[in-house]
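Have a look at the structure below, then the notes.
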Amino acid sequence: MATSLTPAPKTFRVKSFGCQMNVYDGERMAELLGAEGMTAAADGEDADLIVLNTCHIRERATEKVYSDIGRIGKDSRRADGSAPMIAVAGCVAQAEGEEIMARAPSVKVVVGPQSYHRLPAMVADAAAGKRSTETDMPAEAKFAALPKRRKSGPSAFLTVQEGCDKFCTYCVVPYTRGAEISRPFADLVEEAKLLVAGGAREITLLGQNVNAWSGEDEKGRVVGLDGLARALAAEPDLKRIRYTTSHPNDMTDGLIAAHGELDKLMPFLHLPVQAGNDRVLKAMNRSHTTDSYLRLLERIRAVRPDIALSGDFIVGFPGETESEFQDTLRLVDAVGYAQAFSFKYSPRPGTPAATMADQVPASVMDERLQRLQAALNRHQHAFNKASVGKTCDVLVERKGKLPGQWLGKSPWLQSVHFMADADIGSMVTVELVDAGPNSLSGRLV
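Each residue of the sequence shown is one higher than the last, beginning at 163 in my numbering.
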């Protein structure tokens, strides 16, 4: 498809939506564009190229993308009357493909999450008058084509695994991200070292099922995520390791043991359960039960008693009854989550759940979500209050709103604010002195 010639963009802005993997992908796209001589537009400044790095998990995700495209066309015109070039990337791009081109003539580039290494070439084609769509899924080709990491913030993301083979009946990830693929061990160690050299003191390992990662270490031994974590822990200037998102079926004995043996592996685990009723879990194709999930948590807490647990929940899955929802509330009370994410079920086109009978009315889902979130918030606040009096290290991430105030994260991924002389990226020791629902205040020790 051809259009009139457009000046080659010199500045860009990447807007990432959704999961942490999209944040990582957005960073890498920015690096790709920067390697071509483009510069990121400062806040408040116009950009010649706007990349919408989209997420397909949320309700009405596709329509929100078209709304964003229309808003850019309306609100982002420059003084000379020209509009920025628009590229749509990510999971909505993968799912919609050419349909985006047909519905939104202002979009010049559509690129899926496994093809974004082609973004600079596609932008050049667009400037020459050629609109293009790329939705192939050669994940390893993508990573091999990305530039070396350079600068980093104090906390950095590192994608180690992509795709999913679980096929939960509500989820589009297997269709938008493809099959499970683990990046090579040596590549990950190299990228981690570059991130640390660029300023990272904490690295969060990312994957759709991150604990399904496996590879061969430097001695040719097959290792799981615990083996990778042990290798990264040997890096002296790396102080903290985290990972997300995990699947209960992939919590190996080695990974559980690592939580008790690696000081740098933080006492925080995001382990989604999705529902607290076994019939609902089976309909979701989750392949675990509430009992197996709770027994797994017992094993993890046995090696790391202070671990903070996080989860994901879906309310109103097709056919869910009030009694089954009550089972979810009971599970929440049994676990006592430090953090959690909760959502109303929304049908994703092409997934088995979208065509299931007994879709739950929206009003019922709304009411259940309010009750679930009230329970989760109560437990999060209780976890925070139980932390008061502890002394811990905090990784300083940014300045606070008040003069002399700083913000950072505790080992349990709590936001902590405190007054001090500090530097971004430093580790400071604080006593936790007060707790709110979403953060704590600390006093420098």
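A virtual CB, placed ideally from N, CA and C, is assigned to each residue, including glycine.
C-beta atoms of residue i and residue j nearer than 8 Å
i    : j    : result
P336 : L194 : no
F430 : W574 : yes
S603 : F580 : yes
S268 : A245 : yes
Q323 : A374 : yes
Q567 : S601 : no
L368 : F319 : yes
E397 : K355 : yes
Y278 : D187 : yes
G360 : S317 : no
A202 : A192 : yes
V595 : K571 : no
V465 : G422 : yes
V442 : E378 : no
H541 : P599 : no
V558 : S588 : yes
Y499 : G478 : no
Three-state secondary structure (DSSP) of residue i
i    : result
M581 : strand
I248 : strand
M527 : helix
G598 : coil
D608 : Because the chain here runs from 163 to 607, residue 608 falls outside it and cannot be looked at.
H432 : strand
I469 : coil
Q575 : Note that residue 575 corresponds to Leu in the displayed sequence, not to Gln. Coil, per DSSP.
I586 : coil
D555 : strand
S229 : helix
F503 : strand
G422 : helix
F174 : strand
G570 : strand
L195 : helix
V213 : strand
E593 : strand
S549 : helix
L357 : helix
T513 : coil
G604 : strand
R222 : coil
R190 : helix
Close-in-space but distant-in-sequence residues of the same chain around residue i (CB under 7 Å, 5 per side omitted)
i    : result
N184 : S178, N215, C217, G252
P509 : A515, A516
Q256 : G274, P275, T297, T338
A266 : Y228, I231
V272 : V250, A255, G259, I262, M263, T295
D440 : T451, T452
I611 : This structure does not reach residue 611, given that the chain is present from 163 up to 607, and the question cannot be answered.
V497 : L459, L471
V358 : E397, D399, L400
I462 : I418, H421, L431, I469
T513 : T331, Y332, C333, V334
G562 : W568, L569, H579
Same chain, Cβ closer than 8 Å to residue i, neighbours up to 5 away in sequence not counted
i    : result
Q370 : M183, Q323, E324, G325, C326, V335, R339, E342, T407
S166 : Low per-residue confidence applies at S166: pLDDT is 49, beneath 50, and the placement is therefore not dependable enough to give any value.
C330 : Q436, M446, N447, R448
K547 : A597
D312 : Per the sequence shown, the amino acid found at residue 312 is Arg instead of Asp. Contacts found: E193, L356, G360.
Cutoff 6 Å; reference residue i; Cβ partners in own chain excluding five residues on either side
i    : result
R190 : L308
L387 : N373, W375, L417
D585 : none
H409 : N371
D583 : none
P169 : none
H432 : T406, T407, S472
D520 : P480, G481
R175 : A203, A209, I212
P392 : According to the sequence shown, residue 392 is Arg rather than Pro. Hits under 6 Å: none found.
P434 : G473, D474
*So does the segment 396 to 415 actually touch the segment 361 to 371, counting three or more Cβ pairs closer than 8 Å?*
Output reads yes: the segment 361 to 371 touches the segment 396 to 415.
*Segment contact flag, the segment 185 to 203 with the segment 270 to 287, C-beta cutoff 8 Å, min 3 pairs*: Flag = yes, the segment 185 to 203 and the segment 270 to 287 touch.
*Is there contact here, the segment 445 to 460 with the segment 525 to 540, by at least three beta-carbon pairs under 8 Å?*
In short, these stretches do not touch, since the Cβ pair count stays below three.
*Does the count of Cβ pairs from the segment 203 to 210 and the segment 221 to 230 closer than 8 Å reach three?*
Short answer: they don't touch.
*With a floor of 4 residues, list each alpha helix (DSSP H) that falls wholly inside the segment 364 to 419, ordered by position along the chain.*
Note on the segment 364 to 419: whole alpha helix (DSSP H) runs with a minimum of 4 residues are 387 to 395, in chain order.
*Which runs of the beta strand (DSSP E) spanning at least 3 residues fall entirely within the segment 257 to 327, listed in chain order?*
Secondary structure remark: continuous beta strand (DSSP E) runs of at least 3 residues inside the segment 257 to 327, in chain order: 269 to 273, 294 to 296, 317 to 321.
_I'd like the ranges of any alpha helix (DSSP H) spanning at least 4 consecutive residues and lying wholly in the segment 437 to 492._
Runs of the alpha helix (DSSP H) inside the segment 437 to 492: 440 to 446, 452 to 465.
*Contact between the segment 480 to 495 and the segment 530 to 542: three or more CB pairs below 8 Å?*
Contact between the segment 480 to 495 and the segment 530 to 542 is present: 3 or more CB-CB pairs across the two stretches fall below 8 Å.
*For the segment 329 to 355, list the alpha helix (DSSP H) runs that are entirely contained and at least 4 residues long, ordered along the chain.*
Correct list: 335 to 338.
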